[in-house]
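Residue numbers for the sequence shown follow the working numbering, so the first one is 46 and each next one is one higher.
Beta carbons: idealized from backbone N, C-alpha and C, even for Gly.
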Amino acid sequence: MAPIADFLLAYVPSNIPHYLTTYVQGKTPLSTDVAVYSALASYLAIIFGIQAIMKNQKPLKLTLLFQIHNVILSGGSLLLLVLMLEEILPIFWKHGIYHAMCAEASWTPRMEFYYMINYSFKYLELLDTVFLAFKKKPLAFLHVFHHSATALLCYSQLNGKTSVSWVVISLNLMVHVLMYYYYYATAGGAKIWWKKYLTTMQIAQFVIDLFVVYFGTYQHFSYVYWADTMPHIGNCAGTEQAALFGCGLLSSYLLLFINFYIQTYKKPSRGPKPTANGNGVANGKANGHAYVE
46 MAPIADFLLA
56 YVPSNIPHYL
66 TTYVQGKTPL
76 STDVAVYSAL
86 ASYLAIIFGI
96 QAIMKNQKPL
106 KLTLLFQIHN
116 VILSGGSLLL
126 LVLMLEEILP
136 IFWKHGIYHA
146 MCAEASWTPR
156 MEFYYMINYS
166 FKYLELLDTV
176 FLAFKKKPLA
186 FLHVFHHSAT
196 ALLCYSQLNG
206 KTSVSWVVIS
216 LNLMVHVLMY
226 YYYYATAGGA
236 KIWWKKYLTT
246 MQIAQFVIDL
256 FVVYFGTYQH
266 FSYVYWADTM
276 PHIGNCAGTE
286 QAALFGCGLL
296 SSYLLLFINF
306 YIQTYKKPSR
316 GPKPTANGNG
326 VANGKANGHA
336 YVE
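Right, dumping it as structure tokens:
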């Protein structure tokens with residue numbers, strides 16, 4: 046039983062093309078290498094183009110648009126998180142955590158649809174950087190790399206059908222609910238004391254992510270290549286390319302976020318304390334907000 050999903054999906058038109066609710070590589074939007082790399086190249090061209098245009102212009106505030114953007118992402122993340130948990134928790138209770146994480150059966154049609162929605166969110170989140178550019182805020186490497194690479198990560202996992210994806214995505218959605226609410230509230234002038242803990246949550250998220258994806262990858266390789274020599278429980282569904290890419294990219298995220306945390310909160314500050322001026326990071330130092338994912 047999934048009452049929330051049943052209620053919402055009842056409003057999805059019956060004549061909607063199947064490739065919009067089921068991932069079909071080559072037909073679903075942004076489901077080919079050319080489309081994805083073109084979109085991400087356009088993202089880079091747009092943000093650096095805006096920087097060039099705004100060089101001799103006054104920063105734009107865009108407060109209302111920025112708040113609307115953050116409300117959509119915070120609320121959308123919460124709804125998608127609830128829908129995913131509504132789908133996966135019955136599998137977890139009935140078959141156990143290993144089955145829920147590693148069995149092909151845990152990649153249900155509804156979960157695939159939710160993964161597609163999450164993937165589309167990654168392109169909407171690219172607007173974070175557009176706002177920064179119009180506000181004339183520095184575009185830190187961590188910000189630009191993480192935004193573009195996460196879209197690529199979601200694309201790779203949809204192609205690879207890694208059944209463990211729901212763990213990583215659920216944790217990410219949980220963080221985004223709070224994070225985008227924080228940006229909505231502070232854009233309106235609210236003073237929120239827990240900004241430091243957003244970065245801590247992000248680091249904790251990546252630690253859990255890595256434990257899960259390394260566990261799943263180990264299970265797969267042990268099952269396929271070292272069944273007689275390495276202890277394992279069973280196979281873990283998904284392609285090897287997607288699994289290895291996920292392990293590598295998430296590892297880089299953890300290192301980058303730890304470095305950001307050290308640069309922001311642990312090193313002795315010099316000069317006046319940074320003040321709130323939007324989102325992202327400036328020159329490796331806190332500018333009033335935790336890093337935007």
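{"query": "The region 214-230 / the region 271-279 touching (three or more Cβ pairs under 8 Å)", "result": "no"}
{"query": "Validate contact between the region 248-261 and the region 118-132 using beta carbons, cut 8 Å, 3 pairs", "result": "no"}
{"query": "V69 versus Y229 - alpha carbon distance", "result": "35 Å"}
{"query": "L53, buried or exposed, once every other Cβ within 10 Å from all chains shown has been counted against 16", "result": "exposed"}
{"query": "A47 versus W238 - alpha carbon distance", "result": "36 Å"}
{"query": "Limits of the unbroken alpha helix (DSSP H) element including Q202", "result": "F186 to G205"}
{"query": "For H191 and C199, the rounded distance between their alpha carbons", "result": "12 Å"}
{"query": "E170 (DSSP reduced to helix, strand or coil)", "result": "coil"}
{"query": "Presumed contact (8 Å Cβ cut-off) between I133 and M161, rounded CB distance", "result": "I133 to M161, Cβ: 16 Å. No contact."}
{"query": "G283 beta carbon less than 8 Å from that of K206", "result": "yes"}
{"query": "Cα-Cα separation between P317 and N304, rounded to whole angstroms", "result": "At P317, the pLDDT of 46 sits below 50, so the modelled position is not reliable; the number obtained from the coordinates is stated separately. If you take the alpha carbons of P317 and N304, they lie about 21 Å apart."}
{"query": "7 Å Cβ shell around K72 - same chain, five flanking residues per side excluded", "result": "Y64"}
{"query": "Reference I49, options Y298, I113, L125 and L301, closest by Cα", "result": "L125"}
{"query": "Cβ-based neighbour list, M246, same chain, cut-off 6 Å, excluding 5 preceding and 5 following", "result": "V220"}
{"query": "Outcome for S87 when other beta-carbon atoms lying within 10 angstroms are tallied against a minimum of 16", "result": "exposed"}
{"query": "Alpha carbon of F266 to alpha carbon of N204, nearest angstrom", "result": "19 Å"}
{"query": "Per-residue burial, L216 [other beta carbons within 10 Å of its own, 16 or more giving buried]", "result": "buried"}
{"query": "Chain-order list of residues whose beta-carbon lies under 8 Å from that of N280 (same chain, five-residue window excluded)", "result": "C147, Q264, H265, Y268 and V269"}
{"query": "Chain-order list of residues whose beta-carbon lies under 7 Å from that of I253 (same chain, five-residue window excluded)", "result": "L216"}
{"query": "Inside the region 100-168 only - alpha helix (DSSP H) runs reaching at least 4 residues", "result": "108-140 and 142-147"}
{"query": "Distance between L187 and A97 (C-alpha atoms, nearest Å)", "result": "20 Å"}
{"query": "CA-to-CA distance, D173 to L109, given in whole angstroms", "result": "14 Å"}
{"query": "Supposed contact pair S297 and S208 - C-beta distance, whole angstroms, cut 8 Å", "result": "S208 to S297, Cβ: 23 Å. No contact."}
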